[in-house]
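Down below is the structure, laid out as structure tokens.
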Amino acid sequence: MLEHMVENLDIFICPACRGDLEIKDEHIACLKCHNTYRIEDGIPLLFLTPKDNSIEKDVTNMVKSFYERTPFPDYDDLENVEHLIEKARRSVFMHLLNEQIPFNIRVLEVGCGTGQLTNFLSTASRVVFGTDTCLNSLKLAQEFKEKNNLKRAGFYQMNLFSPIFKDESFPLVICNGVLHHTSDPFVGFQSIARLVKRGGYIIIGLYNKYGRIMTDIRRVIFKVLGERFMFLDPRLRRDDISDARKHTWFLDQYKNPYESKHTIGEVLRWFDSSSFTFINSVPKSKVFHSFSEDEALFSQNPRGNWFDHFLVQTKLMFSGSREGGLFLMIGMKK
Ligand SMILES: C[S@@+](CC[C@H](N)C(=O)[O-])C[C@H]1O[C@@H](n2cnc3c(N)ncnc32)[C@H](O)[C@@H]1O
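Laid out in structure tokens, this is it:
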């Protein structure tokens, strides 16, 4: 059942002491500190609870218990790989990723939720690692993987602040919609940036300070006037989405216990201070440059200046509210 981990054991480390790991019959053991980790339904439980009395512990536990109750995104109408591929085809970004990530490489998704992207990317010849704190989400991911025999996908319970992989193990690390649910997104970024190989890429998706304004306004309206005003959210008005899926979206967007908001300029500073070169972003960080349907994701683009960022993000306030005000940044490790 643990073939994925067995085949890639060379890159795993103990989240507590960074020692090498050994897979026993019923559990995983650290050869250095002798900590043991359980395996549940084929998922190695390598999650390390943050140290006592830290803000990180409070936020991680609060967000973890929220997602244990509300795994995101749901598999409501995705029964098999064909459905997943069809869903990906409708998303320009997922489609471009699958076309442009080379074969035969290791890809890490941090905060994979229910693992739809990890499972999807593993349908082509790549080894993909989906990690998350939330066990109920990982179980849904694992169930889909097993039902569809996706052997190149593996799911692991991990706290991104205590990684379970050696530094520089991956040519590509993806972390979409996760860091803004942590106590310190910059420290979280630094923690996963270490896992990227030199010359490799990181893709970060975060709530945008401007892009999120409409969601914040709607949250207040729902709180004051009640949920009968749910039609104000464009996604909750759509006829082609099931009620279950709308409910999951509503909880994720409006009832999440913790979120922060970020800007293009801020992530550029993260890149600069961690030896990453800016490569690309969605939306583009320079005005009059637009993201095309055959965009070369990993080709270098201009960073834009503060005025470009201001205009691009102001536009995101209106156009981005359908996607919850997310923006994506791609960096390459020097
Ligand atoms: C909004 S969901 C995003 C899921 C997926 N990336 C997507 O785009 O659909 C946020 C995910 O981040 C995970 N998460 C939050 N804090 C985390 C942490 N410290 N380490 C790992 N995952 C974390 C949550 O459990 C949740 O599954």
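All letters in the sequence shown, in the order written, are residues 1023 to 1356 by the working numbering.
Idealized CB from N, CA, C, for every residue including glycine.
- In this structure, the beta-carbon distance from P1279 to M1116 does not fall below 9 Å.
- Taken in chain order, the complete beta strand (DSSP E) segments of 3 residues or longer contained in the segment 1276-1321 are 1298-1304.
- The residue among L1118, F1069, S1321, E1090 with its C-alpha nearest the C-alpha of G1221 is S1321.
- For A1318, the closest of N1302, F1310, H1311, R1325 by C-alpha to C-alpha distance is N1302.
- Not one heavy atom of ligand 1 is found less than 8 Å from the C-beta of D1330.
- For Q1179, the number of other beta carbons within 10 angstroms of its own is at least 16, and it is reported as buried.
- Within the same chain, G1227 come within 6 Å of N1198 by CB-CB distance, once the 5 residues on both sides are set aside.
- Judged by the Cβ position, G1135 qualifies as a neighbour of ligand 1 at the 8 Å threshold, a heavy atom of the ligand being closer than this.
- Counted as a single uninterrupted DSSP element, the beta strand (DSSP E) harbouring V1149 occupies residues 1149-1154.
- Runs of alpha helix (DSSP H) with 4 or more residues, each lying fully within the segment 1087-1160, are found at 1103-1112, 1114-1122, 1138-1143, listed in chain order.
- The way I'd put it, the segment 1191-1208 doesn't touch the segment 1167-1177; fewer than three beta-carbon pairs between them come closer than 8 Å.
- Sorting N1126, F1187, P1124, L1118 by C-alpha distance to the C-alpha of G1152 places F1187 at the top.
- Taken in chain order, the unbroken stretches of beta strand (DSSP E) that lie wholly in the segment 1212-1238 and span 3 residues or more are 1218-1229.
- If one requires a minimum length of 3 residues, the beta strand (DSSP E) runs lying completely within the segment 1028-1095 are 1043-1045, 1049-1052, 1058-1062, in chain order.
- Sequence-distant Cβ neighbours of I1286 in its own chain, meaning closer than 6 Å and more than five residues away, are S1307, H1331.
- E1101 has its alpha-carbon roughly 33 Å from the corresponding atom of F1183.
- When distances are taken from the beta-carbon of H1269 to the heavy atoms of ligand 1, even the shortest one reaches 8 Å or more.
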